[in-house]
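Peer 1: So in full-length UniProt numbering, spot 95 of the sequence shown is number 95, and the numbers just go up one at a time.
Starting off with a structure, shown below.
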Amino acid sequence: AEGAHAVVDKNRQRNGLPPNFVHSLDSSHMLMSARQCHAAGLAFAAVHDSYWTHAGSVATMNEVLRAQFVELHRPALLAELAQSFRERYPEVDWDQEELLPPKRGDFDLEQVKQSTYFFA
Numbered sequence: 001a002e003g004a005h006a007v008v009d010k011n012r013q014r015n016g017l018p019p020n021f022v023h024s025l026d027s028s029h030m031l032m033s034a035r036q037c038h039a040a041g042l043a044f045a046a047v048h049d050s051y052w053t054h055a056g057s058v059a060t061m062n063e064v065l066r067a068q069f070v071e072l073h074r075p076a077l078l079a080e081l082a083q084s085f086r087e088r089y090p091e092v093d094w095d096q097e098e099l100l101p102p103k104r105g106d107f108d109l110e111q112v113k114q115s116t117y118f119f120a
């Protein structure tokens, strides 16, 4: 759509939000991992969600990737996203069941650090 007053396609917006949100998390994880690898003196290269380093650094990179994933996902991200929507769009009745974020489960994120196949 062109112009500042174009009609927003609500269905496309609704369908695009989940994959775009997940993509933003993937890119945040990549940035956090790249920065931590740099701080640790590791070579880091990436294309989308594929990361690599020198063979002798893979074990350390694996630790970095897991630690940064845990750090990224420690906050209640969906609850934070929902709160930002509440603040930005106060006219919406956010208490409708289908608009509430799912309750956070009891999975211990620290288990990711021991996962053999967490990242390949």
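Note that beta-carbon positions come from the ideal geometry of N, C-alpha and C, so glycine has one too.
Owing to the predicted nature of the structure, the values given are computational and were not obtained by experimental measurement.
Suppose you measure from the CA of SER115 to the CA of GLU91; what does that come to, to the nearest Å?
Peer 2: Going from the Cα of SER115 to the Cα of GLU91 covers about 43 Å.
Peer 1: Please work out which residues of its chain come closer than 8 Å, Cβ to Cβ, to GLU63, disregarding the five sequence neighbours upstream and downstream, and give them in chain order.
Peer 2: Only LYS113 meet the Cβ criterion.
Peer 1: Residues bridged to residue 131 by DSSP?
Peer 2: Lying outside 1 to 120, the shown extent of the chain, residue 131 is not represented and no answer is given.
Peer 1: Could you please give me the residues that DSSP links to TRP52 through a beta bridge?
Peer 2: Partner(s): ALA45.
Peer 1: Measuring only the C-alpha atoms, how far is TRP94 from LEU25?
Peer 2: The alpha-carbon atoms of TRP94 and LEU25 are separated by roughly 23 Å.
Peer 1: What are the start and end residues of the alpha helix (DSSP H) that includes HIS5?
Peer 2: It is not in any alpha helix (DSSP H) - HIS5 carries neither H nor E in the DSSP assignment.
Peer 1: CB-CB under 6 Å to VAL8, same chain, minus the five flanking residues each way: which ones, in chain order?
Peer 2: Excluding positions up to five away in sequence, the list is empty.
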